[in-house]
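Residue numbers (this note's numbering): 31 to 284.
Dropping the structure here:
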């Protein structure tokens, strides 16, 4: 049987994402009386291996397969493949020895790796625990374009093996770090009076957490007077940053 995984029942849980020793928690406070129910990881095939080369969509060519293995996604055991440009998975169908019935082909889903802005190791920790914890798997954070807007999303790939998840995590990080034009440092300027004074809250509650997940360093300044944004851009060393972020500044920069 597969490894045993403790999951929460009627009690609250602590989940944390980490990489390179830096932790990002999904819950700030949890009672110390947490209890856990138990369920199986659902598969013995939890190792990573190379197999065949799936075709790249729309290319007509075979893409080199970097990793292949089993993860649990949305409570289903899935066969997951990683190429240099896509992450693909499909449900593992149960086998019925001796049955002549034709099995339906599982539906394959995929993600373009360029839509992923962060990958983290996911662990379960006790209340007050800042380091270590039980490995749960990998979380992929991505942004998908919906018309003129970007919609962020997260997908959990569950597997309890430390070594296994580390292999996948390092391979994904290597690919993402190899994409050009991804900022590592941003200068952010906020107009605190924009959107009826809500611009700072919008940034710190909705934007800043995404920058942190993407490992983007930020230097944030709030403007104090009309024309302050232009003065800041004139005075600061722009070569120290990969880009400029602005919140509520369209009128000041015209």
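Where a beta carbon is used, it is the ideal one built from N, C-alpha and C, also for glycine. Predicted, not measured: the structure shown is a model, and the values here were computed from it.
* To do: Determine the DSSP secondary structure at residue 217, reduced to helix, strand or coil.
  => strand
Between the Cα of residue 207 and the Cα atoms of 233, 189 and 143, which residue gives the shortest distance?
143
Residue closest to residue 93, alpha-carbon to alpha-carbon, out of 115, 148 and 155 | 115
Measuring straight from C-alpha to C-alpha, what distance separates residue 113 and residue 211? 21 angstroms
### Query
CB-CB under 7 angstroms to residue 209, same chain, minus the five flanking residues each way: which ones, in chain order?
144
Note to self: If you measure between the beta carbons of residue 224 and residue 247, is that distance less than 8 angstroms?
What the structure shows: no
* Apart from the five residues on each side of it in sequence, which residues of its chain come closer than 7 angstroms, Cβ to Cβ, to residue 266? -> 217
| message | Quick check: what's the CA-CA separation for residue 169 versus residue 103? | response | 10 angstroms
message: Can you tell me whether residue 188 is buried or exposed? The criterion is at least 16 other CB atoms within 10 Å of its CB, across all chains shown.
response: buried
**OP:** Quick one: grab the DSSP three-state call for residue 237.
**Re:** helix
Residue 230 - DSSP class collapsed to helix/strand/coil:
helix
In three-state DSSP terms, what is residue 102?
strand
Review point. Which one of 119, 120, 256 and 252 has the shortest CA to CA distance from residue 228?
Key: 252
**Asked** Since residue 182 and residue 240 are thought to touch, with beta carbons under 8 angstroms apart, how far apart are those beta carbons, to the nearest angstrom?
**Response** 6 angstroms
- Rounded to whole angstroms, how far is the Cβ of residue 148 from the Cβ of residue 171, which I believe are closer than 8 angstroms? 4 angstroms
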